[in-house]
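Engineer: Can you read through this structure? Questions will come right after.
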Amino acid sequence: MTPLWLRLWHWTMAVLFTVLVVTGVVLTHSTSTFALINYALADTLHQVLGIAFSALFVVFLLVAGVTGHWRRYQRQWKGLLSRIVKFGGYVINGVPVKGNGGGEAPPRIEVSRGLLILVQNFLSIFSIAVLSPLLAITGLALLFPEYAPEKMAGLGGVWPFAIAHYWVGLLGVLFLLFHAYIATIAGFRRMIKGR
1 MTPLWLRLWH
11 WTMAVLFTVL
21 VVTGVVLTHS
31 TSTFALINYA
41 LADTLHQVLG
51 IAFSALFVVF
61 LLVAGVTGHW
71 RRYQRQWKGL
81 LSRIVKFGGY
91 VINGVPVKGN
101 GGGEAPPRIE
111 VSRGLLILVQ
121 NFLSIFSIAV
131 LSPLLAITGL
141 ALLFPEYAPE
151 KMAGLGGVWP
161 FAIAHYWVGL
171 LGVLFLLFHA
181 YIATIAGFRR
191 MIKGR
């Protein structure tokens, strides 16, 4: 069972991230002659929802720590990379049939579905452990530029944070697209009903 609090958090974060992507595109690629939505509105939405995203991420960490839910990710991580390599080999070479009695190996499409779900598990943990914290930290640095160091990585002011925020956001978009695809084969019902 996926607990109700986790499903509510998941859907809220998905909606927040989607709106943050749209407003981020407006803030990054608008010109004086074209913007998807009003620039000032996009700026305000991006700031407010970015703070909400960061706060909800901290809430997730606290609740996962208090309830022991973090152990689920620890169990998923254990041996995950070796299982990905193993399933990847099965997709490429086929599944070996065990025993003298034979039997049929599962179709490659079933094995590749398993591989995609394992990759999804890896990317989910990566999103929680790396992408979300980086988005929150770089976003806060951009929100409060007066606290940014004078120079970092040879660049002045907030530029390293802005570049990192942009690229981490792009990685987040790629994760979201892959995540939505995987949900079509293995997860929408689970994230709605909890089973």
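Numbering (full-length UniProt numbering), first residue to last: 1 to 195. Cβ coordinates follow ideal geometry from the N, Cα and C atoms, glycine included. Treat the numbers as computed from the prediction; the structure is a model and nothing was measured.
#1: So, under 8 Å CB-CB, V173 and V21 are touching, yes? Tell me the CB distance rounded to an integer number of Å.
#2: Quick check on the burial criterion: 16 or more other C-beta atoms within 10 angstroms. Buried or exposed for A40?
#3: In this structure, how does DSSP classify M13 when only helix, strand and coil are distinguished?
#4: Just the C-alpha distance for G169 and L142, rounded to the nearest angstrom, thanks.
#5: For Y90, does the count of other Cβ atoms within 10 angstroms reach 16, so buried, or fall short, so exposed?
#6: Let's test the definition: count the other Cβ atoms within 10 Å of the Cβ of L182 and tell me whether it reaches 16, buried, or not, exposed.
#7: Assuming L131 contacts H165 under a Cβ cut-off of 8 Å, what Cβ separation, rounded to an integer in Å, is found between them?
#8: Closest to F122 by C-alpha separation, out of V19, R189, F175 and V111, would be which residue?
#9: Which same chain residues, not among the five before or five after L80, have their C-beta less than 8 Å away from its C-beta?
#10: Between which residues of its own chain and L16 is the CB-CB distance below 8 Å, once the five residues before and five after are set aside?
#11: Per DSSP, which residues does L56 bridge with? Please list them.
#12: My understanding is that T23 touches A42, with C-beta atoms under 8 Å, so please give their C-beta distance in whole angstroms.
#13: Quick check for students: name the residue ranges of the alpha helix (DSSP H) that lie wholly in the segment 96-152, counting only runs of 4 or more.
#14: So what's L155 in DSSP terms, helix, strand or just coil?
Structural biologist: Put simply:
#1: If you number the sequence shown from 1, residue 173 lands on position 173. If you number the sequence shown from 1, residue 21 lands on position 21. Indeed, because the Cβ distance is near 6 Å, the residues count as touching under 8 Å.
#2: Along the sequence shown, one-based indexing puts residue 40 at 40. Its Cβ having fewer than 16 others within 10 Å, A40 is exposed.
#3: Taking the sequence shown and counting its residues from 1, one reaches residue 13 at position 13. DSSP places M13 in helix when its eight states are reduced to three.
#4: Here residue 169 refers to the residue found at position 169 of the sequence shown. Here residue 142 refers to the residue found at position 142 of the sequence shown. Whole-angstrom Cα-Cα distance: 14 Å.
#5: Position 90 of the sequence shown, counting from 1, holds the residue named residue 90. That one is buried.
#6: Taking the first residue of the sequence shown as 1, we reach residue 182 at position 182. Here the sequence assigns Ile to residue 182, which means Leu is not the residue at that position. The residue is buried, with at least 16 neighbouring Cβ atoms inside 10 Å.
#7: Residue numbering aside, residue 131 sits at position 131 when the sequence shown is read from its first letter. Residue numbering aside, residue 165 sits at position 165 when the sequence shown is read from its first letter. Not quite, the Cβ-Cβ distance comes to about 11 Å (not below 8 Å), so this is no contact.
#8: For the purposes of this step, residue 122 is identified with residue 122 of the sequence shown, where counting begins at 1. The shortest C-alpha to C-alpha distance from F122 to any of V19, R189, F175 and V111 is the one to F175.
#9: Your numbering for residue 80 matches position 80 in the sequence shown. Excluding sequence neighbours, L80 sits near L118, N121, F122 and I125.
#10: Sequence index remark: in the sequence shown, residue 16 carries index 16 (1-based). Excluding residues within five positions, the ones whose Cβ falls inside 8 Å are L49, A52, F53 and L56.
#11: The residue you call residue 56 lines up with position 56 of the sequence shown. BP columns for L56 are empty, so no partner.
#12: Translated into positions along the sequence shown, residue 23 becomes position 23. Translated into positions along the sequence shown, residue 42 becomes position 42. At roughly 4 Å, the Cβ-Cβ gap stays under 8 Å, so T23 and A42 are in contact.
#13: 108-126 and 132-143
#14: Numbered from its first residue, the sequence shown carries residue 155 at position 155. Three-state result, L155: strand.
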